[in-house]
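Protein chains in written order, with our numbering: chain A, 1 to 316; chain B, 1001 to 1316.
Have a look at the structure below, then the notes.
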């Protein structure tokens, strides 16, 4: 039986019809109606109806950036989509004829990697998605760790610097402020503005476009620009330090790094691995975990969300 | 059927025969043979034989301070007992006729609180034991979280200060260096030595005894000494900050604070709660967890270890 996975992103909503092996059999997408909650609901409904036309589907898993409650029904808090206690499941239930669950987007992506991607074969996997923010998913003993209120695995909000930078969540010093694509872009803009030699290429790219973009920073990385590589290595160092600290809590076999910034591959993984080892408690007396990049490129959210609704329905 | 719980501490080895309801029916204890691994094995064997004399017991759970491997057999690393890859289970198996598992001491204590103490009725509980070090236990969805290599829940080794104090585990800035009884005693000694008015009582207690002890610091706390209370509040603030950060990972319903320092009760819990709230990601948009002191005083380790061996045998 098929299941539908939907991934609500800041710019587009992606949908897929997925079979029991995690294979996508149909895909569709629309632009995200900006800052329009009801528009998003209608767009999801239209996508789902399109995807299930003429077939039978067991349910819909909807991945969204935000803290989801333990019943997988309400988006408690979403910094980027401006949702606060949004009853997304109830709104979709009212318009759809098949069961719906709501899932955190990084949880969905992590689950896809665990089941079908870089984490397959493991039992204890941690995922970090490095994009606009830093998302996380924790799989412990082959189960998604959700916590008592459903908001576990929000790894972008572990604190790595006391009294550090203010985060969108209201706390200070969260990993997201040091290890996200947004943090990298901010640092790159500062370097471009600094007038230093190290920022020359970034400055040139900025001047050509008016304002430096994430794509340009990535271009500078691919050109082995020393300034951009240093900033990427600093980001990787924060992530590696965070992984060492998480090891004391979760002790995973493998950490999977996803999200847009993970496209940098080994240029990112090497500083992560180095910082992980340098900060690992009882290093030398314990097994070392694997750190890998995600195998899914764009479809982790929809594939994971589809698999998770299947699982949720099987457990009812 | 009875089970035996053994708790190997730095100064004494405690043992108990425990029934299926977590009730202790027999107890025994001996002094820990200092820095003598074989002596510890023999002492445990003697205790167990004494406890099971004339009754039937299903197995022995042995709690010890240290990182235990995923098979619950080997003490991989124990900072305080100087064990490195100690095959404790094999050594005990050779001398005992009933099954043995090895368990981290804070895991055992946490399990006792979860089953019979401050955490009963919850599904997602985190325990922090504040004593010589800082120990931890994580119960997620009513199961002990052990991680891929068995060393999860070592919450004293999450990093709370980048490039912070050197820890016994080799890493820098671990919670244990800021939130343990040892850290409190170090700060109290520094305050006594400082010559400041705030350190007057601590200095007086120190001068009476030659060197300031943990018991004296506790005495100063009970006397509402401003200096000792400030240091306790600072310790509580680190613990509360750590709990806020752990919430992003584990999102527990309840955090139980145990270990010797937890005897300070609300004098410790208040600064912990305040710092937890001040540092909680998305505060106001999520449920707040409960923070309570442990209900067991001395027997959590033996009761938890006995219950865990019962559980391990049932799952085989």
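Note that CB positions come from ideal geometry on N, CA and C, so glycine has one too.
The model shown is predicted, which means the values in this text are computed figures rather than measured ones.
Strictly under 8 Å for the Cβ-Cβ distance: is residue i near chain B by that measure?
i: residue 114(A); result: no
i: residue 110(A); result: no
i: residue 138(A); result: yes
i: residue 141(A); result: yes
i: residue 248(A); result: yes
i: residue 177(A); result: no
i: residue 123(A); result: yes
i: residue 161(A); result: yes
i: residue 286(A); result: yes
i: residue 155(A); result: yes
i: residue 244(A); result: yes
i: residue 282(A); result: yes
i: residue 298(A); result: no
i: residue 241(A); result: yes
i: residue 104(A); result: no
i: residue 148(A); result: yes
i: residue 107(A); result: no
i: residue 158(A); result: yes
i: residue 151(A); result: yes
Taking the continuous beta strand (DSSP E) assigned at residue i, which residues delimit it?
i: residue 1027(B); result: 1024-1031
i: residue 1101(B); result: 1100-1104
i: residue 154(A); result: Taken as a continuous stretch (DSSP letters only), residue 154(A) belongs to no beta strand (DSSP E), as it is neither H nor E.
i: residue 1040(B); result: That residue, residue 1040(B), is in no beta strand (DSSP E); its alpha helix (DSSP H) goes 1037-1051.
i: residue 1086(B); result: 1083-1086
Could one say the Cβ of residue i lies closer than 8 Å to chain A's Cβ atoms, at least one of them?
i: residue 1253(B); result: yes
i: residue 1084(B); result: yes
i: residue 1171(B); result: yes
i: residue 1081(B); result: no
i: residue 1088(B); result: no
i: residue 1077(B); result: yes
i: residue 1315(B); result: no
i: residue 1235(B); result: no
Under the DSSP definition of a beta bridge, which residues are partnered with residue i?
i: residue 1146(B); result: According to DSSP, which records beta bridges pairwise, residue 1146(B) is partnered with nothing at all.
i: residue 1067(B); result: 1077(B)
i: residue 1007(B); result: 1014(B) and 1063(B)
i: residue 172(A); result: 166(A)
i: residue 1002(B); result: 1057(B)
i: residue 1293(B); result: 1257(B)
i: residue 1140(B); result: 1143(B)
Indicate whether residue i and residue j have their beta-carbon atoms separated by less than 8 Å.
i: residue 1131(B); j: residue 1259(B); result: yes
i: residue 1018(B); j: residue 1048(B); result: no
i: residue 1184(B); j: residue 1297(B); result: no
i: residue 153(A); j: residue 136(A); result: yes
i: residue 1202(B); j: residue 1220(B); result: yes
i: residue 1318(B); j: residue 1308(B); result: Outside the shown range of chain B, which is 1001 to 1316, sits residue 1318(B), and nothing can be said about it.
i: residue 1062(B); j: residue 1044(B); result: yes
i: residue 158(A); j: residue 242(A); result: yes
i: residue 291(A); j: residue 1162(B); result: no
i: residue 1009(B); j: residue 1028(B); result: no
i: residue 1289(B); j: residue 1254(B); result: yes
i: residue 144(A); j: residue 107(A); result: yes
i: residue 1128(B); j: residue 1187(B); result: no
i: residue 64(A); j: residue 93(A); result: no
i: residue 170(A); j: residue 1283(B); result: yes
i: residue 1150(B); j: residue 1164(B); result: no
i: residue 313(A); j: residue 59(A); result: yes
i: residue 30(A); j: residue 52(A); result: no
i: residue 1101(B); j: residue 1089(B); result: yes
i: residue 68(A); j: residue 103(A); result: yes
i: residue 199(A); j: residue 227(A); result: yes
How would you write the range of the alpha helix (DSSP H) that residue i sits in, first residue to last?
i: residue 1301(B); result: 1300-1315
Entirely within the stretch 1177-1219 of chain B and at least 3 residues each: give me those beta strand (DSSP E) ranges in chain order. none
Quick check for students: name the residue ranges of the beta strand (DSSP E) that lie wholly in the stretch 251-277 of chain A, counting only runs of 3 or more. Taking 3 residues as the minimum length, the beta strand (DSSP E) runs contained wholly in the stretch 251-277 of chain A are 254-258, in order along the chain.
Please list the segments of the beta strand (DSSP E) lying wholly inside the stretch 1090-1138 of chain B, counting only runs of 3 or more residues, in order along the chain. 1100-1104 and 1125-1130
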